[in-house]
Amino acid sequence: MTQSYLRVDNETLNNFIADSRRLEDIAFKQNNIDSENFLYLDKAWEGIFFLITGQSLAEAVEEEAPLLGILMGPTEIDPDQDMGYGPATYSTAEQTKEIYSAIKDLTKEELSANYNPNKMIEEGIYPDIWKDDENALEYLLDYFDDLKIFYKKAAENGDAMVMYLS
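Under numbering that gives the first Met the number 0, the first residue of the sequence shown is numbered 0, with each subsequent residue one higher.
What follows is the structure, encoded as structure tokens:
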């Protein structure tokens, strides 16, 4: 399972909502990897979420955690569309700014202090690499940097964020 993000303007978001096939047409294009409006988080998504919040995704969903929006927007684009592991979700431009505000000042040192391989294994944090991979923390921190920069650009441009697991 890998997490991907698309930064989109309101018009594009509304087009996706009106016809979710448009999202698939864009999301699964091979040339997205080079697009500045596309971010691929590989399998780091739940590990990053844990470093930020100290919670698993399952806990956050159950508690409706405020930063859940960094992984799952509050609204589904099309509940019947399967992007690989369920429907794509989105956060509006305003919600995207709020998420960026919540993560913009987080440092690698703060995130590193939350890294706890034993607890991550106990909580079932995906992927299950925390004990066997000596580079696991660096892997998460590198992808967190990419995610923070991506959210910063979205916030500065007034973009919404579309996210999905595939």
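Glycine included, C-beta positions come from ideal geometry on N, C-alpha and C.
These figures come from a predicted structure and were not determined experimentally.
> Any beta-carbon of chain B closer than 8 angstroms to the one on E155?
Replying inline: Among the chains in the structure shown there is no chain B, since it carries only a single protein chain.
>> Quick check: what's the CA-CA separation for D18 versus A154?
In response: In the sequence shown, counting from the first residue as 1, residue 18 sits at position 19. In the sequence shown, counting from the first residue as 1, residue 154 sits at position 155. Approximately 25 angstroms between the Cα atoms of the pair.
>> Measuring straight from C-alpha to C-alpha, what distance separates A40 and A57?
In response: On the sequence shown, residue 40 is found 41 positions in, with the first residue counted as 1. On the sequence shown, residue 57 is found 58 positions in, with the first residue counted as 1. Residue 40 is actually Leu in this sequence, not Ala. L40 and A57 have their alpha carbons spaced roughly 19 angstroms apart.
> Do F27 and V161 have their CB atoms nearer than 8 angstroms?
Replying inline: As a working mapping, residue 27 is identified with position 28 in the sequence shown. As a working mapping, residue 161 is identified with position 162 in the sequence shown. No, the Cβ-Cβ distance between F27 and V161 is not below 8 angstroms.
>> With H, G and I counted as helix, E and B as strand and the rest as coil, what does DSSP make of A43?
In response: If you number the sequence shown from 1, residue 43 lands on position 44. Residue state for A43 is assigned as coil, using DSSP reduced to three classes.
> From which residue to which residue does the alpha helix (DSSP H) around T95 run?
Replying inline: Translated into positions along the sequence shown, residue 95 becomes position 96. Membership of T95 in the alpha helix (DSSP H) is indicated by the continuous run 92 to 102.
>> Just to confirm my understanding: we take T88, look at its own chain, exclude 5 residues before and 5 after, and list those with CB closer than 8 angstroms. What are they?
In response: Walking along the sequence shown from the start, residue 88 turns up at place 89. Close CB contacts of T88 within its chain, under the 8 angstroms cut and outside five residues either way in sequence, are with M71, G72, P73, T74, E75, I76, V161, M162, Y163 (chain order).
> Cβ of L50 within 8 angstroms of Cβ of F143?
Replying inline: Start at 1 with the first residue of the sequence shown, and residue 50 comes out as number 51. Start at 1 with the first residue of the sequence shown, and residue 143 comes out as number 144. Result yes, Cβ atoms of L50 and F143 sit closer than 8 angstroms.
> Excluding the five sequence neighbours on either side, which residues of its own chain have a C-beta within less than 8 angstroms of the C-beta of D145, listed in chain order?
Replying inline: One-based indexing of the sequence shown puts residue 145 at position 146. Answer for D145: L38, L40, listed in chain order.
>> Check for me: the alpha helix (DSSP H) holding Y142 runs from which residue to which?
In response: Numbered from 1 along the sequence shown, position 143 holds the residue referred to as residue 142. From DSSP, the alpha helix (DSSP H) with Y142 extends over 135 to 156.
>> I'd like to know whether the C-beta atoms of P116 and K130 end up nearer to each other than 8 angstroms.
In response: What you label residue 116 is simply residue 117 of the sequence shown in a count that begins at 1. What you label residue 130 is simply residue 131 of the sequence shown in a count that begins at 1. The answer is yes: Cβ separation under 8 angstroms.
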